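Notes to accompany the following structure.
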Amino acid sequence: MKGVPRFKVVEGWEKLPAGYVHKDVDGVAVDSQDNVYLMTRQDARVIVYDREGNFLRSWGEDIFTPRTHGIAIGPDGMVYSVDDGDHTVRKFTSEGKQLMIIGTPGKASDTGYDGKSHGSVKRGGPPFNRPTDVAVAADNGELYVCDGYGNSRVHRFNADGTIIQSWGEPGEGPGQFRLPHGIGISPDNRVFVTDRENDRIQIFSRDGRFLDMWTHVQRPTDIAFDKDGLVYVSELWWRVGHQSFTNGKIRHDLPGGVRVLDLSGNVLLHWCSADREAAGNFVAPHTLCVDSRGDLYVGEVTRTFGVSRGDIREDAHTFQKFERY
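The numbering used here numbers the first residue of the sequence shown as 15 and each following residue consecutively.
Right under this line is the structure:
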């Protein structure tokens with residue numbers, strides 16, 4: 015499967031049970047059996063499917079706030095959730111039994127954040143203030159958490175939830191962040207952080223040493239890696255009139271999309287379209303992952319970035335599978 019990948023959308027893949035709704039899919043992950051775990055905001059829950067899209071189970075309805083924000087699966091099959099609504103990271107079995115919680119529910123760290131704009135963060139603080147994503151190291155189960163809307167840091171924890179270190183401050187320099195939003199650990203053991211509002215990806219060693227940055231991305235929201243060493247990045251829509259920290263006022267519509275790169279940062283594939291609601295295109299890509307066969311899964315925050323603003327129809331897609339061929 016090496017070389018430039020090609021994908022086709024699999025329409026109708028998700029067999030959502032009657033009565034279930036998800037207007038935003040803010041997290042997606044696959045386990046070792048290629049079962050697909052969706053973190054959803056409407057009736058906040060985790061929904062689990064097999065790789066053919068058949069419903070297996072759901073859980074978490076009585077745990078999460080409406081501001082869930084990410085999901086990851088460790089090498090042992092344990093499931094990790096991120097909830098920016100209550101400032102926590104939680105660990106579960108694959109069946110939804112809670113095993114651990116990091117952070118105090120409802121208690122945010124002091125960073126000077128005004129509760130509205132990530133640009134108001136004055137200083138990096140301890141865990142957590144509206145965390146956004148978590149990655150699990152395959153070799154030792156260490157956790158790396160992006161933090162987040164109300165902070166400007168990455169936190170590293172032991173597998174038991176004990177803090178090891180934190181790094182990052184608000185800003186545009188190396189090792190500084192304007193909304194660290196997504197995080198992943200590459201096959202060559204580097205930590206990649208999507209620095210969303212700085213329109214870049216920053217790359218670090220496992221102990222937080224700055225290594226590199228990629229600036230040829232647009233509002234990156236999440237990052238994933240496949241077994242061939244390809245890098246997948248979801249990118250958010252820039253609307254006309256929005257203000258970018260790096261590019262100033264946006265004067266042309268810049269649709270959200272997906273970008274595929276190699277581990278050196280060379281772009282192999284990029285697709286996006288102003289026809290956002292068409293199958294295979296995107297409204298607001300927020301999360302993505304790749305299964306063992308190289309198939310791609312993309313979740314979108316369609317309600318938050320489209321439906322609620324009146325320019326995207328109510329039934330527009332929030333989750334799509336793409337088959338690699």
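Even for Gly, the Cβ is constructed at its ideal location relative to N, Cα and C. Small disclaimer: the values here were computed from a predicted structure and weren't measured.
Residue 136 counts as exposed, since fewer than 16 other C-beta atoms from the protein chains shown sit within 10 angstroms of its C-beta. The region 278-297 and the region 15-25 touch, with no fewer than 3 CB-CB distances between them shorter than 8 Å. Per DSSP, the continuous beta strand (DSSP E) segment holding residue 71 begins and ends at 69-73. Residue 139 sits away from residue 98, with the two beta carbons spaced by 8 Å or more. Remark: fewer than three beta-carbon pairs, one from each stretch, lie closer than 8 Å, so the region 154-173 and the region 233-244 are not flagged as touching. Closest by C-alpha distance to residue 235, out of 225, 185, 303, 189, is 303. Residues 15, 19, 20, 21, 307, 308, 309, 310 of the same chain have their beta carbon placed closer than 8 Å to that of residue 338, with the five preceding and five following residues left out of the count. Under a 10 Å Cβ-count criterion, residue 75 is classified as exposed, with fewer than 16 other Cβ atoms of the shown protein chains found around its own Cβ.
For residue 228, the closest alpha carbon among the candidates 64, 197, 214, 62 is that of 214. In this structure the region 174-184 does not touch the region 61-79; the number of beta carbon pairs closer than 8 Å is below three. Straight-line measurement puts the Cα of residue 32 at about 44 Å from the Cα of residue 278. DSSP, read as helix, strand or coil, puts residue 60 in strand. Residue 200 holds the alpha-carbon nearest to the alpha-carbon of residue 275 among 329, 200, 251. Residues of the same chain with a CB within less than 8 Å of the CB of residue 154, apart from the 5 flanking positions on each side, are 173 in chain order. Note that the C-beta distance between residue 220 and residue 207 is not below 8 Å.
Here residue 81 has 98, 99 as same chain residues with Cβ atoms under 6 Å from its own Cβ, once five neighbours each way along the sequence are excluded. 94 is the residue among 272, 49, 94 whose C-alpha sits nearest the C-alpha of residue 146. Between residue 40 and residue 101, the gap from beta carbon to beta carbon reaches 8 Å or more. Contact between the region 291-298 and the region 320-327 is established, with three or more Cβ pairs separated by less than 8 Å. Your pair residue 38 and residue 317 checks out as a contact, with CB atoms roughly 5 Å apart and the cut at 8 Å. Unbroken beta strand (DSSP E) stretches of 3 residues or longer found wholly inside the region 123-197: 145-150, 157-161, 167-171, 177-181, given in chain order. Looking at 110, 25, 47, the one whose alpha-carbon comes closest to that of residue 53 is 110. The straight-line gap separating the alpha-carbon atoms of residue 108 and residue 196 is approximately 22 Å. Look at residue 66 here: in three-state DSSP terms it is coil, with no helix or strand label. Only exposed fits residue 223, as fewer than 16 other CB atoms lie within 10 angstroms of its CB.
In this structure, the straight-line span from the alpha carbon of residue 184 to that of residue 123 is close to 15 Å.
If you draw a straight line from the Cα of residue 117 to the Cα of residue 73, it comes to about 21 Å.
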